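Residue numbers (the working numbering): 16 to 201. Structure first, commentary second.
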């Protein structure tokens, strides 16, 4: 059983974890924001599809499935690369997501360039920026976070020690300076 996350974790061994954790956290937040837009366009595209939906309450759930499915099956593959079927299922969810997104973004245009741009935007910005990025962050943050927390603790401890050392050294000097100023007034 090979794990992509395990291999990536080995790749950052010996590197400072705090900057990596900060970057991954930022990427996770960005992927959530892009994911919302991706979900919204999938929802809008699904609503526009010329099929009848009997239960309208199912529509938002059905629109969420392609994103959740991609993340779940990409993650399942990343933790155990045995079983390419997981990638095939993730790819099927990807096709649904990109198809509904592209349809929503370009359905009013007969210009092929608009369709190509809509496909590229949905594919490269939103799929890579939301589902793939979120999958990577979910898998890598637990690997780097313990080291990052340890590094942050060491950094805060060093800052605390330096501030204490500075205040202890500065106090007599300030007191001495204040006594000189008092004597000069008299």
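Where a beta carbon is used, it is the ideal one built from N, C-alpha and C, also for glycine. Note that this is a predicted model, so its numbers are computed, not measured.
- Counting of Cβ neighbours within 10 angstroms places residue 88 among the buried residues, the total reaching 16 or more.
- Rounded to whole angstroms, the separation of the alpha carbons of residue 124 and residue 146 is 27 Å.
- Secondary structure at residue 99: coil, using DSSP grouped into helix, strand and coil.
- Annotation for residue 87: the continuous alpha helix (DSSP H) segment containing it runs 73-94.
- Looking from the CA of residue 36, the closest CA among 166, 173, 46, 59 belongs to 166.
- Around residue 117, the same chain offers 133, 134, 137 as residues with beta carbons nearer than 6 Å, after the five sequence neighbours per side are excluded.
- Spatial neighbours of residue 115 in its own chain (CB-CB distance under 6 Å, excluding positions within 5 residues in sequence) are listed in chain order as 57, 60, 61.
- Around the beta-carbon of residue 86, 16 or more other beta-carbon atoms lie within 10 Å, marking it buried.
- For residue 60, the enclosing alpha helix (DSSP H) has its first and last residue at 32-63.
- Below 8 Å, enough C-beta pairs join the segment 159-174 and the segment 19-39 to call them touching: three or more.
- Judged by their CB atoms, residue 30 and residue 152 are not nearer to each other than the 8 Å cut-off.
- Taking C-beta separations shorter than 8 Å and ignoring five residues to either side along the sequence, the partners of residue 81 in its chain run 57, 108, 109, 111, 112, 115, following chain order.
- A distance below 8 Å separates the beta carbons of residue 20 and residue 93.
- Here residue 76 is exposed: its Cβ has fewer than 16 other Cβ atoms, across all protein chains shown, within 10 Å.
- When the five nearest sequence neighbours on each side are left out, the beta carbons in the same chain lying within less than 6 Å of the beta carbon of residue 105 are those of 85, 88, 89, in order along the chain.
- Judged by DSSP in its simplified three-state form, residue 69 adopts coil rather than helix or strand.
- Around the CB of residue 95, fewer than 16 other CB atoms lie within 10 Å, so the residue is classed as exposed.
- The DSSP-derived three-state label of residue 17 is coil.
- A residue is called buried once 16 or more other Cβ atoms fall within 10 Å of its Cβ, and residue 170, having fewer, is exposed.
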